[in-house]
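Trainee:
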Ligand code: HEM
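In the numbering used here, the protein residues as written are 13 to 414.
Put into structure tokens, the structure is as follows:
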């Protein structure tokens, strides 16, 4: 049976190319700006590729760690997630309150069911394995918070919930909560399969988990309490500390196995530059250092974060997931190539350059999206070829009608 979540992730990887093309054409003012398209562009990657891929692989990883049989596909969860996504895709551009609430609720239920499903795999016994399960569960809990705040962003829930800066709370819960923790858990599970060695000892992994989880809490509560520095700063320090530690361990393990000879290892490592950069800029914005355009950074940096960090991480792992769970190839390798590596990092860098050069922002932005578009095509091509091969194989294996 082919993993339907991963098929959807490959599908949205292709759809994301169309959204990037729109960014190029609007930046050159060749087509008019269309309200809602920036939302689609971001969420084709975050919900379409990242969330689908997470739903597809987390049960398999958890089962593996608990020496349990891979669980059967949860079609109820698949249906809830994907119907929610389609309803949101219709509701967001038209800012239709009913559709936004319906879409957000369907995805919220899907995530809740996934949490319960993961907890129940292998009879729910304590994992003796890598300790990745707590990363996945905590990441998904932050996703629930992100969904509540995100659904309320254009619906007016922020006031009754007393959220000071709701968009920032949404971004922080999803980026520093959900994506950071799930990526860290995936690294804990992936590295032994790729290199034959664990990423770190269980104690170190546990310390990274607590620093990340508590750091994310500070980073979510900070903007919730209208930028309270007493929770934001400790959160920032804990989260950066954990991320840098993770990065050092990742680089050491990948280098030890000689994996830097291929682009995939570089994709994984360099992706973290694009989450650390806005974090390093944060003190300058908070302290209002002259010449640092805080408002522009807050408006534009999320795009570099999405493509440079989440996108780039997925370029490496999506082909691996497709090869392992669609093609059933036990020797699956990290994806990405030198072209996708050069273009995704160039594109993210140009997005940052556009922030500091307001006079030429349009053309620099367009150039950034051309580079990102090329990187997406390169990444989608590889995942697409693996997916197609798997689909053809499944078709040929299916009994033919007499
Ligand atoms: C049910 C799920 C979700 C809903 C309803 C939702 C809703 C929203 C809304 C309404 C915005 C504001 C757009 C604007 O003001 O321009 C937004 C922005 C954003 N969302 Fe989500 N979102 C969801 C899931 C996610 C996930 C899973 C992630 C990341 C893993 C994410 C990351 C972001 C980011 C980074 C932005 C800022 C984009 C920018 O400013 O360029 N969202 N979201």
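All C-beta atoms in this analysis are idealised placements derived from N, C-alpha and C, irrespective of residue type, glycine included.
Between the Cα of residue 326 and those of 263, 387 and 174, spot the shortest distance and give me the residue it belongs to.
Mentor: Out of 263, 387 and 174, 387 has the C-alpha closest to the C-alpha of residue 326.
Trainee: Regarding residue 129 and the ligand HEM, is the C-beta to nearest heavy atom distance less than 7 Å?
Mentor: No - the ligand HEM has no heavy atom lying nearer than 7 Å to the Cβ of residue 129.
Trainee: How would you call residue 340, buried or exposed, if buried means at least 16 neighbouring beta carbons within 10 angstroms?
Mentor: The residue in question, residue 340, is exposed, as its Cβ has fewer than 16 Cβ neighbours within 10 Å.
Trainee: CB-CB under 8 Å to residue 184, same chain, minus the five flanking residues each way: which ones, in chain order?
Mentor: So the qualifying residues of the chain are 228, 231, 232, 234 and 235.
Trainee: Under DSSP, the alpha helix (DSSP H) around residue 34 begins and ends at which residues?
Mentor: Element bounds for residue 34: 16–39.
Trainee: Using beta-carbon positions only, say whether residue 116 and residue 163 come within less than 8 Å of one another.
Mentor: For residue 116 and residue 163, yes; Cβs fall inside 8 Å.
Trainee: Going by the C-beta, is residue 192 closer than 7 Å to any heavy atom of the ligand HEM?
Mentor: Incorrect: residue 192 has no Cβ contact closer than 7 Å to the ligand HEM.
Trainee: Have a look at residue 196 and residue 258 and give me their C-alpha separation to the nearest angstrom.
Mentor: Near 8 Å, if we compare the C-alpha coordinates of residue 258 and residue 196.
Trainee: Is DSSP giving residue 146 helix, strand or coil here?
Mentor: Of the three classes helix, strand and coil, the one that applies to residue 146 here is helix, per DSSP.
Trainee: Decide if residue 70 is buried, meaning its Cβ has at least 16 other Cβ atoms within 10 Å, or exposed.
Mentor: So residue 70 counts as buried.
Trainee: Look at residue 151 and residue 193 and say whether their C-beta atoms are less than 8 Å apart.
Mentor: Taking 8 Å as the Cβ cut-off, residue 151 and residue 193 qualify as a contacting pair.
Trainee: Examine the Cβ distances between the region 350–363 and the region 383–400 and report whether three or more of them are shorter than 8 Å.
Mentor: Judged by Cβ distances under 8 Å, the region 350–363 makes contact with the region 383–400, as three or more pairs qualify.
Trainee: For residue 315, verify whether its CB is less than 7 Å away from any heavy atom of the ligand HEM.
Mentor: At least one heavy atom of the ligand HEM is nearer than 7 Å to the Cβ of residue 315, so yes.
Trainee: Based on Cα-Cα distance, which residue from 89, 399 and 403 lies nearest to residue 25?
Mentor: It is 399 whose Cα lies nearest to the Cα of residue 25.
Trainee: Between the Cα of residue 76 and those of 107, 134, 161 and 394, spot the shortest distance and give me the residue it belongs to.
Mentor: With distances taken between Cα atoms, residue 76 lies closest to 134.
Trainee: Given this structure, state the Cα-to-Cα distance separating residue 368 from residue 35, to the nearest angstrom.
Mentor: So the two alpha carbons sit approximately 19 Å from each other.
Trainee: Given 7 Å as the limit, tell me if residue 186 has its C-beta closer than that to any heavy atom belonging to the ligand HEM.
Mentor: True, at least one ligand heavy atom lies under 7 Å from that Cβ.
Trainee: Could you tell me whether the region 57–71 touches the region 318–325, using the rule of 3 or more Cβ pairs below 8 Å?
Mentor: Flag = yes, the region 57–71 and the region 318–325 touch.
Trainee: Taking 7 Å as the cut-off, is the beta-carbon of residue 321 closer than that to any non-hydrogen atom of the ligand HEM?
Mentor: Incorrect: residue 321 has no Cβ contact closer than 7 Å to the ligand HEM.
Trainee: In chain order, what residues of the same chain have a beta carbon less than 7 Å from the beta carbon of residue 33, not counting five sequence neighbours either side?
Mentor: So the list reads 385, once near-sequence residues are dropped.
Trainee: Give me, in chain order, the residues of the same chain whose beta-carbon lies closer than 8 Å to that of residue 216; leave out the 5 immediate sequence neighbours on both sides.
Mentor: Cβ within range, chain order: 257 and 261.
Trainee: Short of 8 Å in beta carbon distance, which residues of its chain neighbour residue 100, apart from the five on each side in sequence? Order them along the chain.
Mentor: Excluding positions up to five away in sequence, the list reads 55, 59, 111, 112, 115, 116 and 119.
Trainee: With distances taken between CB atoms, is the gap from residue 161 to residue 172 smaller than 8 Å?
Mentor: No, they are not a contact pair.
Trainee: Which of the three DSSP states is assigned to residue 294 in this structure?
Mentor: Reduced to three states, the DSSP call for residue 294 is helix.
Trainee: Tell me whether residue 369 sits in a helix, a strand or coil according to DSSP, three-state version.
Mentor: DSSP places residue 369 in coil when its eight states are reduced to three.
Trainee: Within the same chain, show all residues whose beta-carbon is closer than 6 Å to that of residue 123, passing over the 5 residues directly before and after it, in chain order.
Mentor: Hits under 6 Å: 152, 155 and 156.
Trainee: Report the rounded CA-to-CA distance for residue 214 versus residue 148, giving the unit in angstroms.
Mentor: Approximately 16 Å, taken between the alpha carbons.
Trainee: Taking residue 73 as the reference, give the member of 145, 87, 22 and 31 with the closest Cα.
Mentor: Ranking 145, 87, 22 and 31 by Cα distance to residue 73 puts 145 first.
Trainee: Write down every uninterrupted run of the alpha helix (DSSP H) in the region 60–91 whose length is 4 residues or greater and which is fully enclosed by it, in chain order.
Mentor: Taking only runs of at least 4 residues, the alpha helix (DSSP H) segments lying wholly in the region 60–91 are 64–77.
Trainee: Whole-angstrom Cβ separation of residue 365 and residue 376, contact assumed at under 8 Å?
Mentor: Yes, they are in contact, since the Cβ atoms of residue 365 and residue 376 sit about 6 Å apart, within 8 Å.
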